[in-house]
Amino acid sequence: MIDGTLVTLAQAAREAMRQASAALIASDPTLAQQVTVRDAEIDVLARVLDDRVYELVAQQHPDGDDARRLLSALRVGAHLERMGDLAVHVARATLRRHPVPAAAAELAGILGQMGAAADDLAGKVVAALADRDTELAGRLDKDDDAMDELHRRLFTVMLSPEWPLGVEAAIDGALLGRFYERYADHAVDIGRHVLRLYGDGSKLAE
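Here it is as structure tokens:
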């Protein structure tokens, strides 16, 4: 149950950011609102995971590797819940600025690429958890380099003397860039915990 809940939670966190990114680029308030509403589902899944882990601790009194795996599962769940929250932040930026696009035209291309990079990382998180693939999990740190480069490019544009849109649009861009960067950071952290969860191919207790 824990393994399956982690995968379902990862899929939900991925879909949330995918929809939030689409809403941002299209300036679609309906889609953005769906992301905020469905965040409750992610919160419920995270609580289900927590409850199951605590039940196992109470019933089985695990120690050693088993205890470390359960602790890692809790941490993965917390990271995934936070990824869902970051998707909500992106969606709320769209709602806050509507009908004006939250992603200024000068930044839309880079932000779209950041959304794609976030989806790529989240997809690898899903696969690493579903397949207990520690090799894939171990590559997430390196895969995050693409997001870091996009984040640098975003600020290069906003800090350029030719930036035409003023402080408010730059603040919006900086916040959105930060949301995507943090989303990617959580994915990397999950990769490290997957190594602890499944480093020997083990499956968590049901």
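Under full-length UniProt numbering, the first residue of the sequence shown is numbered 1, with each subsequent residue one higher.
The beta carbon of each residue, even a glycine, is placed where N, CA and C say it ideally should be.
When the Cα of residue i is compared with those of the options, which residue comes out closest?
i, options, result
"V7", "S27, L49, R18 and R38", "L49"
"M83", "R132, A102, M158 and V35", "V35"
"A13", "A105, H186, A26 and A146", "H186"
"T134", "E162, L197, L70 and L121", "L197"
"A118", "I2, D144 and P101", "D144"
"A32", "W163, M114, E81 and A87", "A87"
"Q11", "M1, I42 and T30", "I42"
"A22", "A78, G77, M114 and L159", "M114"
"P29", "V188, A93, A146 and D189", "A93"
"L80", "D200, R69 and V44", "V44"
"L140", "L175, R47, L176 and A184", "A184"
"V76", "A26, R192 and D200", "R192"
"V53", "R96, P99 and D3", "D3"
"R97", "P161, L74 and S27", "S27"
"A20", "V90, G64 and F155", "V90"
"A116", "G199, E15 and E55", "E15"
"M1", "E55, M17, A40 and L165", "E55"
"A46", "Y180, M147, A73 and E162", "A73"
"D200", "D51, I25, D85 and D131", "D131"
"L121", "E181, A174 and D39", "E181"
"R38", "I25, D51 and M17", "M17"
Helix, strand or coil: how does DSSP classify residue i here?
i, result
"P29", "helix"
"A205", "Residue placement at A205 is flagged as unreliable, the pLDDT there being 47, under the threshold of 50; a coordinate-derived value is accordingly withheld."
"G199", "coil"
"E162", "coil"
"M1", "coil"
"A187", "helix"
"V194", "helix"
"V100", "coil"
"E149", "helix"
With respect to the alpha helix (DSSP H) encompassing residue i, which residues constitute its N-terminal and C-terminal limits?
i, result
"D119", "A105 to D131"
"D143", "T134 to D143"
_Which complete alpha helix (DSSP H) runs does the UniProt domain "PhoU" (8-93) hold, if anything under 4 residues is left out?_
29-60
*Report yes or no: do the stretch 52-64 and the stretch 119-135 share at least 3 C-beta pairs separated by less than 8 Å?*
no
_Stretch-stretch touch, CB-based, cutoff 8 Å, three pairs: the stretch 137-153 with the stretch 107-114_ = yes
*Is the number of C-beta pairs between the stretch 97-108 and the stretch 165-180 that are closer than 8 Å three or more?*
yes
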